[in-house]
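Enquirer: Numbering (our numbering), first residue to last: 154 to 555.
Below are the structure tokens for one structure; questions will follow.
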């Protein structure tokens, strides 16, 4: 065996970018050169929405909360995969920290709930083992900050299995997180940037009930480790309202995504969406900030400024083409993230877009983020730390004047 190994040829360098996930390969050095030289720039196309037009609406009555959409998706995944599906985490048999397992229990899936010790590394590694054995585990890390304790299991184990030796790891990891929850440091951390430098994970950050249902259903079918970043402030735990006091409920269509799944087609993962048409500035965001962005756009429309809002929905893989096409139309770029400004994913997104359309910009691009502090427990401090509607409006107005 050793002689045979010594006689093997070295692999071709070009193969190193292959198989990062089942959905995408890594960019090559030539890809970067072509992008920077303008060869990959998309043709200027017609906007998918007219100025002021929105892709969806809220439901005043009869809609689902963000939490209910996720609960229903979990129950539907359990029904779809039967005995192959298990749900792994803490406090599972008492419905979890936010009651998210209630739909599973009501649907008769209590036998699929596996209660684990208070150890995120064990929880994630158990999910990896189940996935490698051919099961479809859905793992819950109870709060975003606790993902740090399972980091090795996520990025050095689960994320690398496909690239290292071609193994499927069909594991979904649900991570509740986010501010306006009055849960303080360790619980409210926005952690998407932690995973941006560790290839092999699919990272989703839905901002609406419809996208939460669709992305969780679609992600649970992939042969990859998938992170579902669920914003606690959107759950609707305060009488159906968000942590911002907003009603974001929607009438959720459960049929379309399941039709795509049945037909083996991709639907929303890896595809950003223009959710509000505009002509003057592109505002790119994800998660809870989607609703702040839409509010800001509505306010500025009264001042004669039309903002185009792009909801990324999936952070990895990143849909650069939709974002670049929008900036080509508007000539201005602002990225809005809830996470701290320094080291945030927004800067990577901004840089990637600028390489394609820098010369189309009419003003300096910018990133709006939280202050570079831990997330406070005190409501006044927390409200001051994260991007407010007023601050977003000020930054957008300034971008228009530049």
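Yeah, the Cβ is synthetic: ideal placement off N, Cα and C, and Gly gets one too.
Computed from a predicted structure; not experimentally measured.
For the region 364–372 and the region 311–319, state whether three or more C-beta atom pairs, one from each stretch, are separated by less than 8 Å.
Expert: Because the criterion of three Cβ pairs below 8 Å is not met, the region 364–372 and the region 311–319 do not touch.
Enquirer: Using 9 Å as the threshold, is the C-beta distance between residue 324 and residue 280 below it?
Expert: As a first step, residue 324 is located in the chain shown; it is residue number 171 there, counting from the start. As a first step, residue 280 is located in the chain shown; it is residue number 127 there, counting from the start. For residue 324 and residue 280, yes; Cβs fall inside 9 Å.
Enquirer: Reducing DSSP to helix, strand and coil, say where residue 326 ends up.
Expert: The sequence position of residue 326 within the chain shown is 173, counting from 1. In this structure, residue 326 counts as strand in the three-state DSSP scheme.
Enquirer: From residue 233 to residue 419, what does the alpha carbon distance come to, in whole angstroms?
Expert: Along the chain shown, read from residue 1 onward, the residue named residue 233 stands at position 80. Along the chain shown, read from residue 1 onward, the residue named residue 419 stands at position 266. So the two alpha carbons sit approximately 17 Å from each other.
Enquirer: Does the beta-carbon distance from residue 179 to residue 170 come in below 9 Å?
Expert: By one-based count along the chain shown, residue 179 stands at place 26. By one-based count along the chain shown, residue 170 stands at place 17. Yes, they are a contact pair.
Enquirer: Taking 7 Å as the limit between beta carbons, can you name the residues of its chain near residue 399, skipping five residues before and five after?
Expert: Sequence index remark: in the chain shown, residue 399 carries index 246 (1-based). So the qualifying residues of the chain are 444.
Enquirer: Do residue 425 and residue 291 have their CB atoms nearer than 9 Å?
Expert: Working through the chain shown from its first residue, we reach residue 425 at position 272. Working through the chain shown from its first residue, we reach residue 291 at position 138. In this structure, residue 291 does not lie closer than 9 Å to residue 425 by Cβ.
Enquirer: The beta strand (DSSP E) spanning residue 269 covers which residue range?
Expert: Taking the first residue of the chain shown as position 1, residue 269 is located at position 116. First-last for residue 269: undefined, no H or E at that position.
Enquirer: So does the region 405–413 actually touch the region 454–465, counting three or more Cβ pairs closer than 8 Å?
Expert: The answer is no - the region 454–465 does not touch the region 405–413, with fewer than three Cβ pairs under 8 Å.
Enquirer: Going straight from the alpha carbon of residue 201 to that of residue 266, what length do you get?
Expert: For this step, residue 201 is matched to residue 48 along the chain shown. For this step, residue 266 is matched to residue 113 along the chain shown. So the two alpha carbons sit approximately 43 Å from each other.
Enquirer: Starting from residue 554, follow the beta strand (DSSP E) in both directions and report where the run begins and ends.
Expert: Translated into positions along the chain shown, residue 554 becomes position 401. Run containing residue 554: none in the beta strand (DSSP E); it sits in the alpha helix (DSSP H), 542–554.
Enquirer: Output yes or no for whether 9 Å exceeds the beta carbon distance between residue 552 and residue 477.
Expert: Within the chain shown, numbered from 1, the residue matching residue 552 stands at position 399. Within the chain shown, numbered from 1, the residue matching residue 477 stands at position 324. No, Cβ-Cβ distance for residue 552 and residue 477 is not below 9 Å.
Enquirer: Could you name the residues that DSSP lists as bridge partners for residue 469?
Expert: What you label residue 469 is simply residue 316 of the chain shown in a count that begins at 1. Paired residue(s): 356.
Enquirer: Could you pull the start and end residues of the alpha helix (DSSP H) that residue 412 belongs to?
Expert: Position 259 of the chain shown holds residue 412. 408–415 is the extent of the alpha helix (DSSP H) around residue 412.
Enquirer: Counting Cβ pairs, one atom from each stretch, are 3 or more of them under 8 Å apart for the region 328–340 and the region 516–536?
Expert: Result yes; three or more Cβ-Cβ pairs closer than 8 Å.
Enquirer: Given this structure, state the Cα-to-Cα distance separating residue 510 from residue 435, to the nearest angstrom.
Expert: Residue 510 sits at position 357 when you count from the first residue of the chain shown. Residue 435 sits at position 282 when you count from the first residue of the chain shown. If you take the alpha carbons of residue 510 and residue 435, they lie about 13 Å apart.
Enquirer: Whole-angstrom Cβ separation of residue 389 and residue 219, contact assumed at under 8 Å?
Expert: Within the chain shown, residue 389 is the residue found at index 236, counting from 1. Within the chain shown, residue 219 is the residue found at index 66, counting from 1. Contact holds; Cβ gap of about 6 Å.
Enquirer: Anyone know if the C-beta pair for residue 300 and residue 257 falls short of 9 Å?
Expert: As a first step, residue 300 must be located in the chain shown, where it is residue number 147. As a first step, residue 257 must be located in the chain shown, where it is residue number 104. Cβ distance not < 9 Å, so residue 300 and residue 257 don't count as in contact.
Enquirer: Between residue 355 and residue 506, is the Cβ-Cβ spacing less than 9 Å?
Expert: The residue you call residue 355 lines up with position 202 of the chain shown. The residue you call residue 506 lines up with position 353 of the chain shown. No, these two residues do not count as a Cβ contact at 9 Å.
Enquirer: For residue 515, which three-state DSSP category applies?
Expert: To locate residue 515, count along the chain shown from 1; it is residue 362. Coil.
Enquirer: Between the alpha carbons of residue 438 and residue 156, how many angstroms are there, rounded?
Expert: Within the chain shown, residue 438 is the residue found at index 285, counting from 1. Within the chain shown, residue 156 is the residue found at index 3, counting from 1. Residue 438 and residue 156: Cα-Cα distance of roughly 54 Å.
Enquirer: Just reading off the alpha helix (DSSP H) that residue 451 is part of, what are its end residues?
Expert: Counted from its first residue, the chain shown places residue 451 at position 298. Element bounds for residue 451: 442–454.
Enquirer: What beta strand (DSSP E) runs, 3 residues minimum, are completely inside the region 250–297?
Expert: The region 250–297 contains these whole beta strand (DSSP E) runs: 266–268 and 289–293.
Enquirer: Please identify the residue among 158, 204 and 189 whose C-alpha is closest to the C-alpha of residue 430.
Expert: Your numbering for residue 430 matches position 277 in the chain shown. When only C-alpha atoms are compared, the closest one is 204.
Enquirer: Bridge partners for residue 493 per DSSP, in chain order?
Expert: To locate residue 493, count along the chain shown from 1; it is residue 340. Partner(s): 523.
Enquirer: Applying the 10 Å Cβ sphere with the 16-neighbour rule, what's the burial state of residue 214?
Expert: The residue you call residue 214 lines up with position 61 of the chain shown. Burial call: exposed.
Enquirer: Less than 7 Å between C-beta atoms, sequence neighbours within five positions excluded: which residues of the same chain meet that for residue 528?
Expert: Indexing the chain shown from 1 puts residue 528 at position 375. These residues qualify, in order along the chain: 332, 337, 338, 341, 342, 535 and 538.
Enquirer: Can you name the start and end residues of the beta strand (DSSP E) that residue 105 belongs to?
Expert: Limits of the chain in this structure are 154 at one end and 555 at the other, which puts residue 105 out of reach.
Enquirer: Consult DSSP for residue 530 and reduce its assignment to one of helix, strand or coil.
Expert: Here residue 530 refers to the residue found at position 377 of the chain shown. Coil.
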